[in-house]
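Just below is one structure, and these are the notes that go with it.
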Amino acid sequence: MPFDEGEPRQFTSGLWQDECPRWSPDGRVLVFVSDRTGDKQLWAIALDGGEAWQLTNHERGVSDPVWSPAGDAIAYLSRGAPRPAGEGANTPQPGNSPSDVRVVTRLKYRADGEGFIGDQPRHLWVVPFTGLPQRDDP
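At position 93 of the sequence shown (counting the first as 1) the number is 358 in the working numbering, and the numbers step up by one without a gap.
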C-alpha cells in the first residue's frame, strides 16, 4: 500500500519481538522473524489476516529473510542447524547442558538477542514456500 493511501494496519501483537518484515513478491504474504517460541524463527502471515504460522525451527534462531523472485522459497541466515520436528527452544537435550565457563578470544563475543556466539558463523539456508495454509472457515 502506498504511504499516501489508506490507514496503517497492525499485523502482529503480543509480548514477543517481531522484526525483519518482508513482503512476498505477489504481496499476499508477510514473512518476519519472531521470538514467540523462545528463539527467533521465521514466521508468515497472510495479507488478509489470520494467525501467523512458523516456517523454521533452528537452533540459535534465524535472521535476515529474503524472498526468491518467484516467491517459491525464502533464504535466511542461521548459526544453528534445524531441530528435529517437535523440538523447541526449551526442549531439554540429554548430555547437552550449557556450561558456565566462557572463553572469550575476540572483542565481539556476543550479539544482541543471541547471547554468546563463540566461533559459530552464520550459514545460508533456504526453505521452500508452497503457499498459504488451508483455512477451516466456518
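Quick reminder that beta carbons are idealized off the backbone N, C-alpha and C, glycines included.
Proximal residues to residue 358 (C-beta, below 7 Å), its chain only, five neighbours per side dropped: In this prediction, residue 358 scores a pLDDT of 48, lower than 50, which makes its location untrustworthy; the coordinate-derived value is nonetheless stated afterwards. If we look at residue 358 and ignore the five residues flanking it on each side, it has no Cβ neighbours.
Spatially closest choice to residue 289 from 311, 348, 304 and 347, by CA coordinates: 311
Nonlocal neighbours in the same chain, by C-beta distance under 6 Å from residue 325, ignoring five residues either side: 344 and 345
Residue closest to residue 280, alpha-carbon to alpha-carbon, out of 314, 386, 303 and 320: 303
Cβ neighbours of residue 398 in the same chain (closer than 7 Å, five flanking residues each side left out): 318
Limits of the unbroken beta strand (DSSP E) element including residue 320: Run containing residue 320: none; DSSP gives neither H nor E here.
6 Å Cβ shell around residue 299 - same chain, five flanking residues per side excluded: Within the same chain, residue 299 has close Cβ partners 281, 283 and 308.
Contacting residues, own chain, Cβ-Cβ under 8 Å from residue 320 (five flanking each side not counted): Closer than 8 Å at the Cβ level, and outside the excluded window around residue 320, lie 296, 306, 307, 308, 309, 339, 392 and 394.
C-alpha gap between residue 390 and residue 316, whole angstroms: 24 Å
Alpha carbon of residue 396 to alpha carbon of residue 337, nearest angstrom: So the alpha carbons of these two residues sit roughly 8 Å apart.
As assigned by DSSP and simplified to three states, the class of residue 306: strand
Residues near residue 331 in its chain [Cβ-Cβ closer than 6 Å; skip 5 each side]: Correct list, in chain order: 340.
Extent of the continuous beta strand (DSSP E) to which residue 329 belongs: 327-332
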